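Colleague: Residue numbers (our numbering): 1 to 743.
Every residue, glycine too, gets a C-beta built ideally from N, C-alpha and C.
Here the structure is a predicted model, which means the values were calculated and not measured.
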């Protein structure tokens with residue numbers, strides 16, 4: 001076609017200008033309109049093509065494919081799906097057959113076989129930037145881009161085409177899209193070796209699997225990949241995972257099983273993540289079973305987050321597979337996260353975005369692997385570029401034993417990857433032209449504006465994602481609270497707790513501690529009261545000044561902090577003999593309530609919002625929590641976790657040894673004026689957070705389970721057994737925690 005300016009066209013069928021790069025496409029056709037290339041803004045920095053005689057692999061990833069569903073943590077919890085459908089009937093909930101695999105049982109939610117799922121993949125909208133790319137088009141693009149390069153008018157290779165940045169695809173830009181020298185070398189060498197093993201040809205079409213080349217020797221491939229040794233045969237290392245994942249994920253089930261068996265022999269989080277991806281995305285039940293069995297021998301923290309993310313993938317089959325994996329692996333600790341997900345927007349429904357007009361939707365799309373080179377990778381500008389490959393023309397047959405060489409052409413470098421797929425599969429193409437009937441497609445998620453019919457769609461019953469979520473909850477908890485997701489939330493969330501007044505007639509009470517027998521020690525107006533479980537009351541000690549905190553230590557002592565003091569005192573509960581701690585030296589500034597640990601020491605913060613540790617010998621040690629400022633503390637039931645209140649936020653850090661803590665992480669935020677006033681942790685690890693409106697009971701993960709409302713502002717709280725003791729300035733209350741179920 002005639003051109004008036006030197007440009008680099010990706011689309012050559014139609015030069016009509018489209019101002020809107022994302023028109024309102026029908027859902028059954030997502031092929032993007034032709035992109036004009038006389039747009040100065042978009043073309044001045046385009047990378048030129050270049051001819052080369054040794055094309056290599058057309059695709060690469062630094063890490064294993066990671067599900068492109070939006071991570072749970074990045075979703076706005078205030079967004080609602082709008083309509084909460086009913087749960088399925090009891091007949092729909094019937095437990096599926098169980099497969100025994102190793103030491104676990106694989107519980108199946110769906111009976112859909114691979115062919116059924118493949119038929120569904122054929123209906124997935126296709127994303128493309130051209131439908132035809134002939135040899136003549138390739139040569140013209142190569143000439144134009146070479147001219148741009150010689151004129152110095154091309155953008156850096158780590159900057160994707162602006163058109164792609166507006167496409168809604170999960171684009172990777174900057175240095176994150178570039179492989180390091182070592183990773184590129186490993187990809188280049190490994191891809192050649194693995195292709196030779198799979199097809200018997202060292203040159204050819206790289207990651208593209210053709211049914212004209214049958215890999216019917218999985219045993220030979222497995223023996224080669226899993227052999228121990230050095231050099232060419234050493235595949236059992238993390239750096240080989242990207243090559244194997246890309247080249248084997250679209251092979252036949254027998255070869256994909258070899259991939260999973262090989263991943264299972266590689267240690268480390270990269271292999272675990274790859275196994276989790278296969279457990280969710282492989283369409284073959286046997287392959288998923290192998291992946292789940294391998295995950296059962298892996299650290300849970302390396303894969304649980306990925307399985308939770310997969311529950312929210314737009315393709316509901318992936319959500320089903322993630323649900324089966326979580327149930328089969330008996331990952332009951334994820335129940336709090338699952339309950340929280342009940343309030344998140346359904347992955348199949350439109351949702352709003354902050355500071356954006358209209359609503360959006362996430363959907364899975366497919367990219368033809370052979371036609372996606374210029375979507376996923378940067379054009380190559382030099383014959384010395386690593387992992388270099390030609391862009392195949394649509395009017396030339398593919399030759400698995402040869403290469404894409406002709407007089408001219410366009411090349412890409414797989415060292416630069418803008419888009420990474422979730423998984424790949426071979427599908428039959430109705431009009432393949434000169435290409436094979438079976439062609440590889442890469443599947444990934446994109447975000448686009450919701451269409452009118454999607455906004456007007458009425459829901460009947462549960463969505464497939466909600467079915468997978470409630471099925472997972474039911475099988476992990478053994479409970480079936482009712483026919484609606486709201487019943488699950490009522491079972492675990494926002495219970496209203498009964499409050500009983502235990503003692504009254506206090507005078508400006510400020511501090512509280514309770515022993516194992518339920519006897520309370522209350523600091524009020526110049527004295528410490530002792531109140532037994534029968535409400536018997538006696539003055540235990542009188543003093544001058546005001547107390548800030550009380551705590552019982554592991555040595556039958558009562559630790560006391562005073563307003564505006566510089567140290568603590570310890571009272572012997574039997575003799576009432578008092579001892580100044582810290583040698584009586586001015587070390588603290590207005591200390592808060594101490595929190596005794598099992599080592600004979602205690603954690604506390606002071607008016608400077610610093611955290612200190614009272615060691616067993618009575619000396620103090622200041623802890624380093626970075627920039628975190630502490631207002632109150634609480635020690636977990638096993639003494640291995642320290643909760644820190646900082647204004648309205650709750651943080652936590654592991655206790656590595658007495659007086660040694662790890663890096664703080666944020667747990668929750670309390671929506672109450674005045675922030676957090678006090679903390680307590682019961683024997684199950686549930687955290688009671690005191691604020692101006694009452695007491696919230698939350699899980700260590702930040703899930704609010706229950707709330708206790710009091711007639712006055714609480715000042716202190718102590719958890720003993722199944723009772724929460726709450727102090728106000730004039731009364732002592734008891735809150736029954738027995739009905740609070742920890743997920």
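#1: Residue 564 lies in the alpha helix (DSSP H); which residues open and close that run?
#2: Distance, Cα to Cα, residue 193 vs residue 242?
#3: According to DSSP, is residue 460 part of a helix, a strand, or is it coil?
#4: Rounded to whole angstroms, what is the Cα-Cα separation between residue 654 and residue 177?
#5: Within 10 angstroms of its Cβ, does residue 592 collect 16 or more other Cβ (buried), or is it exposed?
#6: How long is the line joining the alpha carbons of residue 287 and residue 295, rounded to whole angstroms?
#7: Under three-state DSSP, which class holds residue 502?
#8: Are the beta-carbon atoms belonging to residue 368 and residue 421 less than 8 Å from one another?
#9: Tell me which residue opens and which closes the alpha helix (DSSP H) that residue 309 is part of.
#10: Given this structure, state the Cα-to-Cα distance separating residue 23 from residue 680, to the nearest angstrom.
#11: So residue 630 packs on residue 646, CB below 8 Å; how close in whole Å?
#12: Can you give me the C-alpha to C-alpha distance between residue 235 and residue 198, rounded to a whole angstrom?
#13: Beta strand (DSSP E) containing residue 415: first to last residue?
#14: Mind pulling the alpha helix (DSSP H) runs of 4 or more residues that sit fully within the segment 474-498?
#15: Looking at the secondary structure, which residues open and close the beta strand (DSSP E) in which residue 242 lies?
#16: According to DSSP, is residue 778 part of a helix, a strand, or is it coil?
#17: Is it buried or exposed for residue 460, if we count other Cβ within 10 angstroms and need 16 for buried?
#18: In whole angstroms, what separates the C-alpha of residue 671 from that of residue 650?
#19: Here's the rule I'm using: 16 or more other beta-carbon atoms within 10 Å means buried, otherwise exposed. How should residue 561 be labelled?
#20: According to DSSP, simplified to helix, strand and coil, what is residue 610?
#21: Please list the segments of the beta strand (DSSP E) lying wholly inside the segment 325-395, counting only runs of 3 or more residues, in order along the chain.
#22: Have a look at residue 354 and residue 360 and give me their C-alpha separation to the nearest angstrom.
#23: Under a Cβ-count criterion, where at least 16 other Cβ atoms within 10 Å of its own Cβ denotes burial, should residue 538 be classed as buried or exposed?
#24: In whole angstroms, what separates the C-alpha of residue 478 from that of residue 493?
#25: Taking the alpha helix (DSSP H) that residue 163 falls in, what are its first and last residues?
#26: Taking the alpha carbon of residue 499 as the reference point, which residue from 529, 142, 473 and 707 has its own alpha carbon closest?
#27: Based on the DSSP secondary-structure assignment, which residues constitute the bridge partners of residue 650?
#28: Would you say residue 314 and residue 364 are within 8 Å of each other, going by their C-beta atoms?
#29: What separation, rounded to the nearest whole angstrom, lies between the Cα atoms of residue 410 and residue 187?
#30: If distances are taken between C-alpha atoms only, which option among 627, 642, 162 and 658 comes closest to residue 621?
#31: Is residue 700 closer than 8 Å to residue 685 when the C-beta atoms are compared?
#32: Looking at residue 425 and residue 319, is the spacing between their C-beta atoms short of 8 Å?
#33: For the candidate residues 547, 571 and 133, whose alpha-carbon lies nearest to that of residue 554?
#34: Are the CB atoms of residue 126 and residue 366 nearer to each other than 8 Å?
#35: In the DSSP assignment, the beta strand (DSSP E) including residue 269 goes from what residue to what residue?
#36: Just the C-alpha distance for residue 757 and residue 566, rounded to the nearest angstrom, thanks.
Modeller: Looking at the coordinates:
#1: Note, residue 564: premise wrong, no alpha helix (DSSP H); not H, not E.
#2: Cα to Cα, residue 193 sits roughly 14 Å from residue 242.
#3: Residue 460: coil per DSSP, three-state reduction.
#4: The straight-line gap from Cα to Cα measures roughly 35 Å.
#5: Counting Cβ neighbours within 10 Å, residue 592 comes out buried, since at least 16 surround it.
#6: Each residue's Cα considered, the two are about 13 Å apart.
#7: Strand, per DSSP.
#8: Contact: no.
#9: In this chain, the alpha helix (DSSP H) harbouring residue 309 covers 304-310.
#10: Here residue 23 scores only 31 on pLDDT, less than 50, and its place in the model should not be relied on; the value that follows carries that caveat. Each residue's alpha carbon lies about 55 Å from the other.
#11: With a beta-carbon spacing of about 6 Å, residue 630 and residue 646 fall inside the 8 Å limit used to define contacts.
#12: Computed Cα separation, rounded: 14 Å.
#13: From DSSP, the beta strand (DSSP E) with residue 415 extends over 411-417.
#14: Counting only runs of 4 or more, we get 485-492.
#15: Residue 242 -> not in any beta strand (DSSP E); alpha helix (DSSP H) instead, spanning 241-248.
#16: Lying before the first or after the last residue shown, residue 778 is absent from the chain, which here runs from 1 to 743.
#17: By the neighbour-count criterion, in which 16 or more other beta carbons inside 10 Å mark a residue as buried, residue 460 falls on the exposed side.
#18: C-alpha separation (whole angstroms): 11 Å.
#19: By the C-beta density criterion, residue 561 is buried, having at least 16 other C-beta atoms within 10 angstroms.
#20: For residue 610, the three-state secondary structure derived from DSSP is coil.
#21: Within the segment 325-395, complete beta strand (DSSP E) segments of at least 3 residues are found at 359-368, 377-379 and 388-390, given in chain order.
#22: Their backbone Cα atoms lie some 11 Å apart in a straight line.
#23: Result: exposed.
#24: The straight-line gap from Cα to Cα measures roughly 17 Å.
#25: Its alpha helix (DSSP H) spans residues 162-165.
#26: If we check each option's Cα against that of residue 499, 707 comes out closest.
#27: Here residue 650 is bridged, per DSSP, to 645 and 668.
#28: The Cβ atoms of residue 314 and residue 364 lie closer than 8 Å to each other.
#29: Distance between the alpha carbons of residue 410 and residue 187 is about 21 Å.
#30: Selected option, being the one with the closest Cα: 658.
#31: Yes, Cβ-Cβ distance for residue 685 and residue 700 is below 8 Å.
#32: Going by C-beta atoms, residue 319 is not nearer than 8 Å to residue 425.
#33: Of 547, 571 and 133, the residue nearest in Cα terms is 571.
#34: Yes. Within cutoff.
#35: Counting along the chain, residue 269 falls outside any beta strand (DSSP E), though it belongs to the alpha helix (DSSP H) covering 269-281.
#36: Lying outside 1 to 743, the shown extent of the chain, residue 757 is not represented and no answer is given.
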